[in-house]
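*Asks:*
Numbering (the numbering used here), first residue to last: 3 to 271.
Right, here's the structure in full:
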């Protein structure tokens, strides 16, 4: 029976190998606004809408077949959204010289002592907000040792989320009823990377607060504080995407760094 399921079953010493090649197609629209305002404020906003499709170009090789379900289709078997597909991305970057101290809008006539405390402060931040990446749903493979495959995918039959949006809620991130077993020795129709079920969106804000002040005419100092992940946002790791697993759809950890704060002092001469 196994031989009958192989490509060209009349030959008993034939191996079908997948050549590790692929291609990518990327389309996007980006709008960017950059402005220097009066009073020391500089800002930049960039918003990108995009779609990245490939055919195995970003897959990690497993043996000779990266993510192959049906080896006879070659690269077309892996044609889907890229794992790195980000349909929406918003980036904000800004810098602001606080209007306090000598020569500024507030306390512009401050003496040297007062200016040493309230003058020379700068705030800068980078903010990024990305949509989630598509997930790859697989299942236990009953034909992989027969058809030179290394992946079996289930049939997509429903929404897939265990709730109304891609947020973490009790009871699991994905709903198993969104997929079904295609049957024994049958190929599933779920894409390699499914854009209808995505990993968690990425939100992050980094803030920098710095101050320059003079010690003497030729010597200065710079105090700097850096706040990474300012609001201590959580980026949850991808859920278990093996549909045959009893823990399918569950999330087991955090995949970004918690808030971190650093302070530094630099002497300039």
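Where a beta carbon is used, it is the ideal one built from N, C-alpha and C, also for glycine.
In whole angstroms, what is the alpha-carbon distance linking residue 130 and residue 147?
*Replies:* Distance between the alpha carbons of residue 130 and residue 147: 44 Å.
*Asks:* So is residue 144 buried or exposed if we call it buried at 16+ other beta carbons inside 10 Å?
*Replies:* It counts as exposed.
*Asks:* Quick one: give me the first and last residue of the beta strand (DSSP E) that residue 216 is part of.
*Replies:* Counting along the chain, the beta strand (DSSP E) containing residue 216 begins and ends at 204-216.
*Asks:* What would DSSP say about residue 12, mapped onto helix, strand or coil?
*Replies:* Three-state DSSP puts residue 12 in coil, outside helix and strand.
*Asks:* Beta-carbon separation of residue 184 and residue 245 under 8 Å?
*Replies:* Against a cut-off of 8 Å, the Cβ pair of residue 245 and residue 184 comes out as no contact.
*Asks:* Below 8 Å on the Cβ atoms is my guess for residue 261 versus residue 232; work out the distance and round it to an integer in Å.
*Replies:* Indeed, because the Cβ distance is near 7 Å, the residues count as touching under 8 Å.
*Asks:* Select from 151, 81, 251 the residue whose C-alpha is nearest the C-alpha of residue 179.
*Replies:* Checked all of 151, 81, 251; the closest Cα to residue 179 is 251.
*Asks:* So, under 8 Å CB-CB, residue 203 and residue 258 are touching, yes? Tell me the CB distance rounded to an integer number of Å.
*Replies:* With 8 Å as the limit, residue 203 and residue 258 do not qualify as a contact, their Cβ atoms being about 12 Å apart.
*Asks:* Taking all protein chains shown into account, decide if residue 192 is buried (16 or more other Cβ within 10 angstroms of its Cβ) or exposed.
*Replies:* Per the 10 Å Cβ criterion, buried.
*Asks:* Whole-angstrom Cβ separation of residue 103 and residue 109, contact assumed at under 8 Å?
*Replies:* Rounded, the Cβ-Cβ distance is 6 Å, consistent with contact.
*Asks:* What is the DSSP secondary structure of residue 70, counted as helix, strand or coil?
*Replies:* Note: residue 70 maps to coil in three-state DSSP.
*Asks:* Name the residue from 225, 270, 235 whose alpha carbon lies nearest to the alpha carbon of residue 118.
*Replies:* Of the listed residues, the one whose Cα sits closest to residue 118 is 225.
*Asks:* Provide the residue span of the beta strand (DSSP E) that contains residue 153, from first to last.
*Replies:* Segment: none, residue 153 is in no beta strand (DSSP E) and carries neither H nor E.
*Asks:* Mind checking who residue 263 pairs with in its DSSP beta bridge?
*Replies:* For residue 263, which the question treats as bridged, DSSP gives the partners 229.
*Asks:* Using only CA atoms, which one of 81, 106, 97, 52 lies nearest to residue 87?
*Replies:* It is 52.
*Asks:* Under a three-way DSSP split, which group does residue 118 fall into?
*Replies:* Correct three-state label for residue 118: helix.
*Asks:* Relative to the C-alpha of residue 134, which residue among 269, 85, 266, 44 is closest?
*Replies:* The shortest C-alpha separation from residue 134 is found at 85.
*Asks:* Just to confirm before moving on: does the CB-CB distance between residue 190 and residue 136 stay below 8 Å?
*Replies:* Not in contact: residue 190 and residue 136 (Cβ atoms no closer than 8 Å).
*Asks:* Checking the sheet assignment: what are the DSSP bridge partners for residue 51?
*Replies:* According to DSSP, which records beta bridges pairwise, residue 51 is partnered with 31, 90.
*Asks:* Could you spell out where the beta strand (DSSP E) holding residue 240 opens and where it closes?
*Replies:* Element bounds for residue 240: n/a, residue is neither H nor E.
*Asks:* Determine whether the beta carbon atoms of residue 159 and residue 123 lie at a separation below 8 Å.
*Replies:* Their beta carbons are not under 8 Å apart, which means residue 159 does not touch residue 123 by this criterion.
*Asks:* Alpha carbon to alpha carbon, how far is residue 115 from residue 230? Give it in angstroms, no decimals.
*Replies:* The alpha-carbon atoms of residue 230 and residue 115 are separated by roughly 31 Å.
*Asks:* Report the option in 39, 138, 79, 141 whose CA atom is closest to the CA atom of residue 98.
*Replies:* When each option's Cα is compared against that of residue 98, the closest is 39.
*Asks:* Take residue 2 and list the residues in its own chain whose beta-carbon comes closer than 6 Å to its own, dropping the five residues that flank it on each side.
*Replies:* Only positions 3 to 271 of the chain appear in this structure, which leaves residue 2 out of reach.
*Asks:* Based on the DSSP secondary-structure assignment, which residues constitute the bridge partners of residue 136?
*Replies:* Paired residues: 200.
*Asks:* If we ignore side chains and look at the alpha-carbon of each, how far apart do residue 186 and residue 92 end up?
*Replies:* Distance between the alpha carbons of residue 186 and residue 92 is about 44 Å.
*Asks:* Give me the Cβ distance between residue 89 and residue 41, rounded to the nearest whole Å; I'm assuming they're in contact under 8 Å.
*Replies:* Not a contact, Cβ separation roughly 36 Å.
*Asks:* Please classify residue 30: is it buried, with 16 or more other beta-carbons within 10 angstroms of its beta-carbon, or exposed?
*Replies:* Exposed: under 16 other Cβ atoms inside 10 Å.
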